[in-house]
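K.L.:
Read top to bottom, the protein sequences are chains P and A. Numbers given in the numbering used here equal positions in the first sequence, counted from 1, plus 44. Numbers given in the numbering used here equal positions in the second sequence, counted from 1, plus 163. Ideal placement from N, C-alpha and C gives every residue a C-beta, glycine not left out. Note that this is a predicted model, so its numbers are computed, not measured. Starting off with a structure, shown below.
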Amino acid sequence: MSFWIDIKYAFRLLMKKPIFSITSVLIVAIGLGLTVYTYSLLSQLIFKPLTMQGNTPLVAIEGEFREAHGRGQRTDPYHLNHISEQSRLIERMSVYRTGTTIISGLGNDIGSRKLHSSYSQWNLFEVAGVQPQMGRGFSPADQEVGAEPVIVLSHDVWTKYLGKNPDIIGSNIRVNGVPKRVIGVMPAGFSFPSMAQVWEPLLITQQQPAVPSDAYGDSMYGVARLKERVSIEQFQQELKGLLQQQFQSLSQKFAWRASSPGGYIRAFPYKLTNDSVANHYTIFVAMLVVVALILFLTCINVGNLLLARVNERIKEVAIRIALGIPKKRLILQMLWESLFICIIGGLVAWLFALMGVRVTNAVFDQIFAVSDARPFWWYLSLNFDAAMVLVAAVVFMIVVTGFIPAWRALSGDVNSVLRDGTRGALGKKAGRANKALVVTEIALSSVVLVVATVLLYTSYSSQNADYGVDTENRITAQLLLPTSTYPRDPRDKRNDFYYQLKDNLEQNSNINQVAYFTSLPGTGGGSSHFEIQGKEALVYNENPMWNFELVSRGAWDAVGMEIIEGRDFDIRDLENGGSPAIINESMARDLFPNGDAIGQRVRTVDEGDWHTEWRTIIGIVSDSVHGPTMKATSAWHTGYGVMDLRSWTMEMVVHYSGSQAQAEAILRETIAGMDPDVTVHYVQSYDKLISQPMQLVNAVNTIFLWCGLVALFLAASGIYAVSANSITLRSQEIATRRALGASNSRVINLFMKEAGLQLMAGLIAGICLSLWVVNQISQSMLIGGDGYIIGLVGIPVFITLMVLTATYIPCRKITSQEPSEGLRQI
Amino acid sequence: MNNTNNQKVLVELKDLTKVFYTDDVETSALKNINLKIHEGDFLSITGPSGCGKSTLLSLLGLLDTPTGGLYQLAGHDASDIDSDERARIRNKEIGFVFQSFNLISDLTVAENIELPLTYRTDLSKNERLEMVRVSLEKVDMAHRASHYPSQLSGGQQQRVAVARAIAGKPAIILADEPTGNLDSKNAESVMALLEGLNEDGATICMVTHDPASAARTQRVIEVFDGEVISDKYNSVPTSVAV
Numbered sequence: 045m046s047f048w049i050d051i052k053y054a055f056r057l058l059m060k061k062p063i064f065s066i067t068s069v070l071i072v073a074i075g076l077g078l079t080v081y082t083y084s085l086l087s088q089l090i091f092k093p094l095t096m097q098g099n100t101p102l103v104a105i106e107g108e109f110r111e112a113h114g115r116g117q118r119t120d121p122y123h124l125n126h127i128s129e130q131s132r133l134i135e136r137m138s139v140y141r142t143g144t145t146i147i148s149g150l151g152n153d154i155g156s157r158k159l160h161s162s163y164s165q166w167n168l169f170e171v172a173g174v175q176p177q178m179g180r181g182f183s184p185a186d187q188e189v190g191a192e193p194v195i196v197l198s199h200d201v202w203t204k205y206l207g208k209n210p211d212i213i214g215s216n217i218r219v220n221g222v223p224k225r226v227i228g229v230m231p232a233g234f235s236f237p238s239m240a241q242v243w244e245p246l247l248i249t250q251q252q253p254a255v256p257s258d259a260y261g262d263s264m265y266g267v268a269r270l271k272e273r274v275s276i277e278q279f280q281q282e283l284k285g286l287l288q289q290q291f292q293s294l295s296q297k298f299a300w301r302a303s304s305p306g307g308y309i310r311a312f313p314y315k316l317t318n319d320s321v322a323n324h325y326t327i328f329v330a331m332l333v334v335v336a337l338i339l340f341l342t343c344i345n346v347g348n349l350l351l352a353r354v355n356e357r358i359k360e361v362a363i364r365i366a367l368g369i370p371k372k373r374l375i376l377q378m379l380w381e382s383l384f385i386c387i388i389g390g391l392v393a394w395l396f397a398l399m400g401v402r403v404t405n406a407v408f409d410q411i412f413a414v415s416d417a418r419p420f421w422w423y424l425s426l427n428f429d430a431a432m433v434l435v436a437a438v439v440f441m442i443v444v445t446g447f448i449p450a451w452r453a454l455s456g457d458v459n460s461v462l463r464d465g466t467r468g469a470l471g472k473k474a475g476r477a478n479k480a481l482v483v484t485e486i487a488l489s490s491v492v493l494v495v496a497t498v499l500l501y502t503s504y505s506s507q508n509a510d511y512g513v514d515t516e517n518r519i520t521a522q523l524l525l526p527t528s529t530y531p532r533d534p535r536d537k538r539n540d541f542y543y544q545l546k547d548n549l550e551q552n553s554n555i556n557q558v559a560y561f562t563s564l565p566g567t568g569g570g571s572s573h574f575e576i577q578g579k580e581a582l583v584y585n586e587n588p589m590w591n592f593e594l595v596s597r598g599a600w601d602a603v604g605m606e607i608i609e610g611r612d613f614d615i616r617d618l619e620n621g622g623s624p625a626i627i628n629e630s631m632a633r634d635l636f637p638n639g640d641a642i643g644q645r646v647r648t649v650d651e652g653d654w655h656t657e658w659r660t661i662i663g664i665v666s667d668s669v670h671g672p673t674m675k676a677t678s679a680w681h682t683g684y685g686v687m688d689l690r691s692w693t694m695e696m697v698v699h700y701s702g703s704q705a706q707a708e709a710i711l712r713e714t715i716a717g718m719d720p721d722v723t724v725h726y727v728q729s730y731d732k733l734i735s736q737p738m739q740l741v742n743a744v745n746t747i748f749l750w751c752g753l754v755a756l757f758l759a760a761s762g763i764y765a766v767s768a769n770s771i772t773l774r775s776q777e778i779a780t781r782r783a784l785g786a787s788n789s790r791v792i793n794l795f796m797k798e799a800g801l802q803l804m805a806g807l808i809a810g811i812c813l814s815l816w817v818v819n820q821i822s823q824s825m826l827i828g829g830d831g832y833i834i835g836l837v838g839i840p841v842f843i844t845l846m847v848l849t850a851t852y853i854p855c856r857k858i859t860s861q862e863p864s865e866g867l868r869q870i
Numbered sequence: 164m165n166n167t168n169n170q171k172v173l174v175e176l177k178d179l180t181k182v183f184y185t186d187d188v189e190t191s192a193l194k195n196i197n198l199k200i201h202e203g204d205f206l207s208i209t210g211p212s213g214c215g216k217s218t219l220l221s222l223l224g225l226l227d228t229p230t231g232g233l234y235q236l237a238g239h240d241a242s243d244i245d246s247d248e249r250a251r252i253r254n255k256e257i258g259f260v261f262q263s264f265n266l267i268s269d270l271t272v273a274e275n276i277e278l279p280l281t282y283r284t285d286l287s288k289n290e291r292l293e294m295v296r297v298s299l300e301k302v303d304m305a306h307r308a309s310h311y312p313s314q315l316s317g318g319q320q321q322r323v324a325v326a327r328a329i330a331g332k333p334a335i336i337l338a339d340e341p342t343g344n345l346d347s348k349n350a351e352s353v354m355a356l357l358e359g360l361n362e363d364g365a366t367i368c369m370v371t372h373d374p375a376s377a378a379r380t381q382r383v384i385e386v387f388d389g390e391v392i393s394d395k396y397n398s399v400p401t402s403v404a405v
């Protein structure tokens with residue numbers, strides 16, 4: 045019954061001060077909402093192991109020897125098979141590779157479609173623990189040489205392109221021009237590994253080579269499910285042992301694999317196969333730290349608001365103590381208010397988090413709209429785990445925010461409060477606690493704001509960086525030429541098509557130039573070592589690095605680049621049997637400082653004495669950057685070869701006049717007119733192409749921006765509340781000082797000086813912590829000097845102004861009163 | 164010291180009024196107060212709770228501004244001056260003794276006494292320390308100079324407060340119920356201290372509702388409902404235990 049009275053009393057107090065109540069609930073809701081949202085985002089995208097329809101985590105097994113090229117490096121299946129056979133810690137393992145496939149002959153108006161495909165060992169679905177909803181999965185017989193070609197479709201493909209045809213199982217569809225029998229349709233949402241839309245079995249001879257191979261075409265990925273109670277670290281250890289064992293039996297040609305710097309094959313949680321996630325792992329960890337700090341800030345703020353409340357009610361508390369209230373009940377009374385605030389705040393937080401999840405899913409839709417390459421686990425939802433996190437956070441908050449006022453209520457000098465009628469002058473302990481609160485608020489908000497500012501600035505700079513190309517009025521696209529008509533070897537038909545398409549397009553008055561690049565400037569990246577003839581290093585990795593791309597003849601104008609010295613590729617290069625190369629200006633300047641780059645011969649080198657042919661430098665082209673400027677793997681030194689001599693997959697760029705839609709229509713019509721089996725994909729503006737690799741980081745930075753704004757709001761309101769509360773509690777002292785002759789400015793100076801000392805302590809702690817966090821982040825992205833200056837100088841200046849203002853306002857307010865008012869309150 | 168009208172007028176109030184405004188309610192705390200305090204006076208202001216005696220003391224101490232009337236302190240008009248000038252006058256010309264001592268808990272006894280002196284620009288550190296030492300000796304608290312207020316009894320704290328009030332050699336000491344929070348023994352000790360100071364020439368104005376304390380002063384001003392209803396001199400101040 046007495047509890048009920050206390051509850052009603054606490055509720056009445058909250059209703060009596062609606063602004064206080066709403067502010068407190070809002071602060072709690074923002075802090076908890078951000079916590080729940082971030083937990084859901086990070087756990088679902090990164091930290092929670094991918095288990096699919098199994099109980100144990102799936103791990104990726106990939107090549108590690110080309111670290112500079114990021115994640116997604118295939119490796120020799122010779123080793124993958126050894127791991128699969130010998131490992132005692134994995135339940136199952138499958139090898140696979142991914143690619144794109146054109147399906148046609150769909151028997152409707154859709155025509156042909158380019159789809160993400162998976163080519164795998166028969167047991168891929170067994171590893172995932174998911175079987176087709178219609179038909180069957182692969183069997184070992186499907187991978188035998190001479191077996192009937194079969195394919196499994198995703199639910200999405202079956203729905204979108206085949207009209208949910210119930211008789212699809214057993215029918216044939218054309219895959220890259222070859223008829224294949226559909227044997228199964230997977231359940232809705234299944235697109236393992238990552239983003240597959242169709243699955244085909246690899247031949248047993250491809251999966252299980254008798255001898256090792258360095259050929260990229262033979263390489264594959266591995267995916268394994270760990271056994272119960274096996275950690276990834278244990279498996280990594282086992283993997284190392286298994287590989288060392290096998291490396292000893294390799295011939296001299298492959299012996300380099302044993303001593304490959306950093307390792308040859310690595311295993312890691314499957315969700316880290318996404319390059320963006322892996323590259324920015326530390327940013328996600330930083331985000332987790334930042335959100336934890338915000339939660340802490342929230343607790344301090346709400347605790348402080350409640351502390352201010354109890355200071356106002358200290359006389360009432362003293363009377364209750366005098367009347368003999370048991371300690372437990374007094375603590376409970378103090379807790380009721382925080383209980384109400386935190387529970388209501390928690391409910392609102394769930395709504396905030398739900399909104400965040402919806403917005404994020406919409407952002408992901410937008411990011412992957414063109415490429416359709418969204419990993420299947422990138423669909424956020426608020427699940428049971430998130431609810432548990434919210435409950436735990438609410439309980440934590442109730443304890444923290446309820447404890448502070450309860451401590452204040454119990455630590456007050458009841459006698460003096462009752463005898464003097466004072467509202468409780470600030471005791472030493474309370475004074476120290478207030479100072480600690482302010483210092484903590486300053487330190488925490490500095491960290492959040494510095495990190496958010498540095499990241500936002502870096503992202504902004506990257507988006508607005510000069511990539512050395514003109515992107516205005518340019519569209520980019522990818523062509524998919526069916527290998528049945530346009531084989532990669534010999535490549536003449538492919539090149540003929542590319543140049544014919546270029547000629548046809550450029551005849552249109554709206555099309556200015558057309559060019560082909562393996563990766564257009566602003567995209568790609570990833571560097572390899574190369575050696576200069578006559579200046580070869582003893583060890584391959586002591587040579588300089590470059591990024592090597594292919595371009596069509598006469599490509600530069602189309603992207604606004606220009607030949608600075610020497611000449612462009614031309615028909616002579618195709619006839620003389622040489623291998624010409626053009627390098628960019630920075631590379632020429634840095635590596636050939638004597639200005640003698642033209643005529644020099646260079647070649648790409650790698651482990652195991654692997655190298656390309658010697659390439660003769662025939663020209664120097666203006667600088668461009670490959671990859672986002674903030675990415676550590678982006679390349680500033682690039683060499684170019686001519687497309688005609690290699691059959692790599694090309695991206696095209698079209699410089700147009702008029703509207704983008706018109707240019708796209710011309711492109712599609714021209715291609716369809718030349719060969720309806722050739723498909724064009726990922727048609728988009730050049731600007732959009734450049735911004736794509738950064739979209740995930742931008743999305744994360746936007747969350748950081750929100751974190752920063754929330755931290756700013758919490759810090760500003762918190763510091764003001766703490767300062768105001770501290771000054772109010774010292775109103776007696778202030779009035780006394782003024783009675784003794786202290787001028788208003790002297791009183792204000794006193795508090796400003798105290799605030800300055802707290803500010804210094806908070807900023808020192810905050811900046812040290814910020815430097816550590818930024819240092820961690822800088823390992824996965826390049827932070828410009830300006831970013832450091834803005835973050836580490838601008839933010840402290842801003843916080844200084846904020847703290848001094850937050851101190852000045854309540855000081856000014858109290859000194860604008862007559863001293864007698866302050867003395868009367870005593 | 165006995166009062167004589169030959170003494171110089173230190174404080175002069177002419178038609179002093181103070182009105183408080185709370186929402187739409189107007190409360191006249193003081194109405195047309197006319198009063199003169201001479202150098203060397205030891206006067207008490209008495210009256211029931213809420214009669215306006217503390218308000219009068221606040222106005223005398225420049226802790227508040229009057230709504231109307233004239234206030235002259237040592238021949239200077241103090242009724243319409245800015246807050247900095249009022250602070251300067253409070254610091255140099257007025258010493259305060261409060262009912263609840265109002266010592267700053269983070270400062271030692273010596274630092275509390277030194278505090279108003281630090282607001283002056285014309286005193287060196289040595290001069291301030293000397294003034295602190297002298298005033299501590301006057302109130303017999305020199306042995307407690309380095310203690311904090313919380314380590315002292317109520318009577319000792321009030322003695323320190325008196326020392327702080329006299330340290331700067333003010334023209335007038337304003338005491339607001341100086342014995343209100345003390346037991347009889349400590350109250351007697353503080354009253355004796357004030358009497359001693361007055362005998363040494365200090366002008367003291369004390370608010371009290373205790374008739375016994377009032378009887379120990381030379382002059383008793385009785386305030387009722389914001390007005391001075393009597394202003395009389397005790398022929399022979401009685402030294403009785405309070």
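Are the CB atoms of A:Met304 and A:Gln319 within a distance shorter than 8 Å?
P.N.:
The answer is yes: Cβ separation under 8 Å.
K.L.:
Anything in chain A within Cβ reach of P:Ser787, meaning under 8 Å, just list it in chain order.
P.N.:
The contacting residues are Ser246, Asp247, Ala250, Arg251, Tyr282.
K.L.:
What span of residues does the beta strand (DSSP E) with P:Glu609 cover, start to end?
P.N.:
Its beta strand (DSSP E) spans residues 607 to 610.
K.L.:
Relative to chain A, which residues along the stretch 846 to 868 of chain P have a C-beta separation below 7 Å, given in chain order?
P.N.:
Per Cβ criterion, the list reads Glu862, Pro863, Ser864, Leu867.
K.L.:
Please list the terminal residues of the continuous alpha helix (DSSP H) segment that includes P:Met441.
P.N.:
Taken as a continuous stretch (DSSP letters only), the alpha helix (DSSP H) holding P:Met441 covers 428 to 455.
K.L.:
I'd like the span of the alpha helix (DSSP H) that includes P:Glu708, first residue to last.
P.N.:
Start and end: 704 to 718.
K.L.:
Looking at the C-beta of A:Pro223, does it have a partner C-beta in chain P at a distance below 8 Å?
P.N.:
It is worth fixing the name first, because residue 223 of chain A is Leu in this sequence and not Pro. So no, A:Leu223 is outside the interface.
K.L.:
Check each candidate in P:Ile442, P:Arg132, P:Phe592 and name the one with the smallest Cα separation from P:Lys271.
P.N.:
Per the Cα distances, P:Arg132.
K.L.:
Below 8 Å, how does it come out for the stretch 309 to 316 of chain A and the stretch 244 to 255 of chain A: are there three or more Cβ pairs, yes or no?
P.N.:
Contact fails: fewer than three Cβ-Cβ distances are below 8 Å.
K.L.:
Can you give the Cα-Cα distance for P:Ser87 and P:Ala760, rounded to whole angstroms?
P.N.:
One C-alpha to the other measures close to 30 Å.
K.L.:
Tell me, which residues are paired with P:Met696 by DSSP?
P.N.:
Answer by DSSP bridge pairing, in chain order: P:Ala521, P:Tyr560.
K.L.:
For P:Ile808 and P:Arg301, I'd like the C-alpha separation in whole angstroms.
P.N.:
So the two alpha carbons sit approximately 47 Å from each other.
K.L.:
Kindly give me the distance between the Cβ atoms of P:Ser162 and P:Ala104, rounded to whole angstroms, as I take these residues to be in contact under 8 Å.
P.N.:
Contact doesn't hold; Cβ gap of about 14 Å is too wide.
K.L.:
What does a CB cutoff of less than 6 Å around P:Gly465 pick up in its chain, not counting 5 residues either side in sequence?
P.N.:
Reliability of the predicted coordinates at P:Gly465 is poor, the pLDDT of 44 falling under 50, and the value obtained from them is presented with this limitation in mind. None.
K.L.:
Would you identify the three-state DSSP class for A:Met203, choosing helix, strand or coil?
P.N.:
Note that residue 203 of chain A is Gly in the sequence shown here, rather than Met. Here A:Gly203 sits in coil by DSSP.
K.L.:
Could you give the first and the last residue of the continuous beta strand (DSSP E) run that contains P:Phe636?
P.N.:
Where P:Phe636 is concerned, there is no enclosing beta strand (DSSP E), given that its DSSP letter is neither H nor E.
K.L.:
What residues of chain A sit near P:Leu784, judged by a beta carbon separation below 8 Å?
P.N.:
Going along chain A in sequence order, the residues near P:Leu784 (Cβ under 8 Å) are Arg253, Asn254, Phe259, Leu278, Pro279, Tyr282, Arg327.
K.L.:
Would you kindly check if the distance between the Cβ of P:Gly569 and the Cβ of P:Gln552 is under 8 Å?
P.N.:
Rather than Gln, the amino acid found at residue 552 of chain P in this sequence is Asn. Cβ distance not < 8 Å, so P:Asn552 and P:Gly569 don't count as in contact.
K.L.:
Kindly indicate if chain P contains any beta-carbon less than 8 Å away from that of A:Leu226.
P.N.:
Interface residue, yes.
K.L.:
Going by Cα to Cα distance, which pick from P:Lys208, P:Ser235, P:Thr249 is closest to P:Gly190?
P.N.:
Nearest C-alpha to P:Gly190: P:Thr249.
K.L.:
Could you pull out every unbroken alpha helix (DSSP H) segment of at least 4 residues lying fully inside the stretch 311 to 349 of chain P, listed in chain order?
P.N.:
You should have 319 to 323.
K.L.:
State the Cα-Cα distance for the pair P:Asn427 and P:Asp258, rounded to the nearest angstrom.
P.N.:
The straight-line gap from Cα to Cα measures roughly 45 Å.
K.L.:
Comparing C-alpha positions only, which one of P:Tyr764, P:Glu777, P:Ala172, P:Thr660 sits nearest to P:Glu865?
P.N.:
Selected option, being the one with the closest Cα: P:Glu777.
K.L.:
The beta strand (DSSP E) spanning P:Arg143 covers which residue range?
P.N.:
At residue 143 of chain P the sequence reads Gly, which differs from the Arg that was named. Unbroken beta strand (DSSP E) run through P:Gly143: 134 to 148.
K.L.:
With a Cβ-Cβ cutoff of 8 Å, do P:Leu749 and P:Ala406 count as a contact?
P.N.:
Not a contact, by the Cβ cut-off of 8 Å.
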